[in-house]
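Here the structure is laid out as structure tokens; the discussion comes afterwards.
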Amino acid sequence: MNNPCNALPEALRPREGESLVFDAPAAQVDRPTHYCPGCHHGIAHRLVAEVLDELDATDRAVLVASVGCSAFSYDYFAVDALEAQHGRACAVATGVRRANPDSVVFTYQGDGDMAAIGLAESVHAANRGELITAIFINNTVYGMTGGQTAPTTLIGQITTTSPAGRRLRGEGGPLRMTELMAGLDGVAYAERCALDSVRHVRAAKKALRNAFEVQIRGLGFGFVELLSGCPTNWHMTPQAANRRIAEEMIPVFPLGTAKNLLDK
Amino acid sequence: MSDAPERILIKGNEAVAFGAVDAGCRCYFGYPITPQNEIPEAMSRLLPEIGGCYVQAESEVGAASMLLGACASGVPSMTSSSGCGISLMQEALSYMTGSMLPAVLVNMARGGPGLGDIGPSQGDYFQAVKGGGHGDHRNIVLAPATAQECYDFMFRAFALAFTYANPVMVLGDAVVGQIKEPVRRTPPPDALAPERLAELAAPWRVEGRGRRGPGAAPRLVKSVYLAEGTLAARNRQLRDKYEAMRAEARWIAQDTDDADLVVVAYGSIARAVRSAIRALRAQGAAVGLFRPITLYPFPDEGLRALAAARPGRRFLVVEQNLGQMVEDVRLALFGPAGRGAEVLFHGLMPGLLADAQTLEEPVRLALAGKEIRS
Ligand SMILES: Cc1ncc(C[n+]2csc(CCOP(=O)(O)OP(=O)(O)O)c2C)c(N)n1
Ligand code: SF4
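Residue numbers (this note's numbering), protein chains in the order written: chain P, 29 to 292; chain G, -5 to 368.
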């Protein structure tokens, strides 16, 4: 597949007798990211790009970027893209997919974007069964604005706007988007995965593939929640962030497929 | 039988829907609100029949965001609303201006502020003309007065939106939207063919890069420019575009040659004023009408020419609000004698139908330089 963004430098091209065994996907722009060290956005991008290539969807793909740390996600995807307002990615994606029914459309949104300001747009696009795929990065904080409380923040978790730790009464409990989405008739695939270990990353790729496949096969809305690390705003090392996902997040946000209409 | 095309008896709102569809509109996104419900109702029937798409959104925020997505895909698309619904669309409106997208929005204005009422009002002039969105935002505003103009102006709205890659608002009111009148369903002379609209969008629309051939570079539609100097460059580009739009200013002047007083009014109010002027002229009063067709760009050249043609001539602005367009008229006519002119104001309250007879009195008084309040 042709990738206009990743021309391999002459010196790195395979010579006589050599063959290229590993390369960036055609859907990816192979360049250093602006994300913090240990951030999981980069892993999530790579998985999405691989899935787009494997499903032969890169040429038809349109990315709807959100507002958050991943606002510039389009810098790393070699696909047509547009910017949505904070929270409105699923509504914008609805407009793209309806106007251009042959395209493969996906949103990439943080937890503030999708579960707070954009909850209405996200839930209603899902309920209408829009043929789009939504990728939801749950890192329990607003990353870009400096680690404030998000709808997914754990009870007791200290953030810059919950200095005493999040309290259920008055601040609410962690919103479980996968379960919410799975309960909607228009959703064809919903799964929660984590990016803290190789095993979980592999499962995440499978889930992403399924969430795109339901769109391509016209079955309905595809949704994948990815439990992701934000070492910067969690104030820990990347290794400790991975442990936090395993020990504190997964017990509150159980992993697994909540809905799958692919085999029906 | 005459050769003139058949006329159909429809409401202004239905004329908007027919005009949009005939102009090439293929996507409509909206949320119900009085007094414009006939637009989504007509669109929900018309668009599926021709392979277009109609979506009833979860809110006006959702509708305007869907519009952004469809416009970025280069497909002629629109939404419509009124009052508080337009307020909810302002976020997307600003993003669409920043992203240079050809959106068409129709505002069949109702009374405000707040929930106000569902009757006619011109209280949204400032919002439409000055305050459409945050940032250095501008959008073209067209003001139809009749059902026929509702039909015709939809063609102009799409033509301007695609020519300038900028949102266009059609600003009517409850009377313009609800009045039932004969309409000729034939494209006006300034219409652009749908194929031409597609050509104008071809260089920037997002569509999946493979459609442009193997190895085509990806495209990006956005309004964010964080790196130093980049927003400055973008806004210079917008400034040049806004300046170019000034060539689109349109107005109609009637009975102004001999007029000592020119009444400035737009939309449905201009129709009532027109009748009042006819009655007064029959009594020998030298009064004329200046009707802006575009509220942005405001036709200040046309007004200045009238002031210069007859020094000492007065102007009376009649609006169904507490005084909004009058500021633009004063700005246009500000200046020393020979270039400026005296500007009077008469405001009508919202929710009431303006009738020609009650407008005769304020116009007669203005001839003598006096104002009265309604
Ligand atoms: C209407 C609006 N309100 C607020 C903001 C400021 N803002 C930018 S990013 C952001 C939070 C994003 O957090 P999240 O969606 O969790 O993504 P992350 O940065 O963690 O990846 C906020 C509140 C905005 N851009 N627009
Ligand atoms: S702030 Fe957090 S989410 Fe944002 S880039 Fe840094 S680690 Fe990633």
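For each residue, glycine too, the CB sits at the ideal point set by N, CA and C.
Small disclaimer: the values here were computed from a predicted structure and weren't measured.
Contact between G/L41 and G/Y22 is confirmed by a C-beta separation of about 6 Å, below the 8 Å threshold. Distance from the Cα of P/A222 is smallest, within the candidate group P/N31, P/H68, P/P42, for P/H68.
A Cβ-Cβ separation of about 14 Å leaves G/S67 out of contact with P/V107 under the 8 Å criterion.
Under the 8 Å Cβ criterion, the region 93 to 110 of chain G counts as touching the region 67 to 80 of chain G, having at least three qualifying pairs. With a cutoff of 7 Å on beta-carbon distance, G/M163 and G/V135 are scored as near each other. In the three-state scheme derived from DSSP, where H, G and I count as helix and E and B as strand, G/M90 is classed as helix. P/T187 is bridged by DSSP to P/S190.
Boundaries for P/P42: no alpha helix (DSSP H) harbours it, and the DSSP string shows neither H nor E there. Close to chain P, meaning a Cβ-Cβ distance shorter than 9 Å, are the following residues of the region 9 to 34 of chain G: R20, C21, F23.
Of all residues in the region 203 to 221 of chain G, those with a C-beta nearer than 7 Å to a C-beta of chain P are R203, G204, P208, G209, A210, A211, P212, R213, L214, V215, K216, S217, V218, reading in chain order.
Between G/M148 and G/G45, the C-beta spacing is not below 7 Å.
The C-alpha of G/A362 lies about 24 Å from the C-alpha of G/I246. The Cβ atoms of P/L212 and P/A119 lie no closer than 7 Å to each other. Chain order gives no chain P residues near G/S75, where near means a beta carbon separation below 9 Å; the closest approach is about 15 Å. Each residue's CA atom was taken as its position, placing G/S115 and P/Q137 some 40 Å apart. Residue range 259 to 262 is occupied by the alpha helix (DSSP H) that includes P/W262.
Look at the beta carbons and you see the region 150 to 167 of chain G not touching the region 267 to 286 of chain G: under three pairs across the two are nearer than 8 Å. A Cβ of chain P is located within less than 7 Å of the beta carbon of G/S67. Residue-level contact by beta carbon fails for G/C78 and chain P, as no gap is shorter than 7 Å. In the displayed model, P/K233 falls within a helix according to three-state DSSP. Residues of chain P whose Cβ lies closer than 7 Å to the Cβ of G/V49 are, in chain order, T122, R126.
Listed by position along chain G, the residues whose Cβ is nearer than 8 Å to that of P/H152 are A51, E52, G56. Taking 7 Å as the CB threshold, P/A274 stays off the interface with chain G. Residue environment analysis places G/G329 among the exposed positions, since fewer than 16 neighbouring C-beta atoms fall within 10 angstroms of its C-beta.
Not one beta carbon of chain P lies nearer than 7 Å to the beta carbon of G/S269.
One alpha carbon belongs to G/E8, the other to G/I33, and they sit about 6 Å apart. Each of P/N166, P/S150, P/M277 was checked against the Cα of P/G115, and the nearest Cα belongs to P/S150. Check the Cα spacing between G/G341 and each of G/I271, G/V258, G/A302: the tightest is with G/V258. Each of P/F50, P/V79, P/A231, P/W262 was checked against the Cα of P/L182, and the nearest Cα belongs to P/W262. In the structure shown, the three-state DSSP call for G/G204 is helix. Neighbours of P/L36 in chain G, taken as residues whose beta carbon is under 7 Å from its own, are absent, since the nearest beta carbon is some 14 Å off. Here P/K287 is buried: its Cβ has 16 or more other Cβ atoms, across all protein chains shown, within 10 Å. In the DSSP assignment, G/N7 falls within the alpha helix (DSSP H) that extends over 6 to 17.
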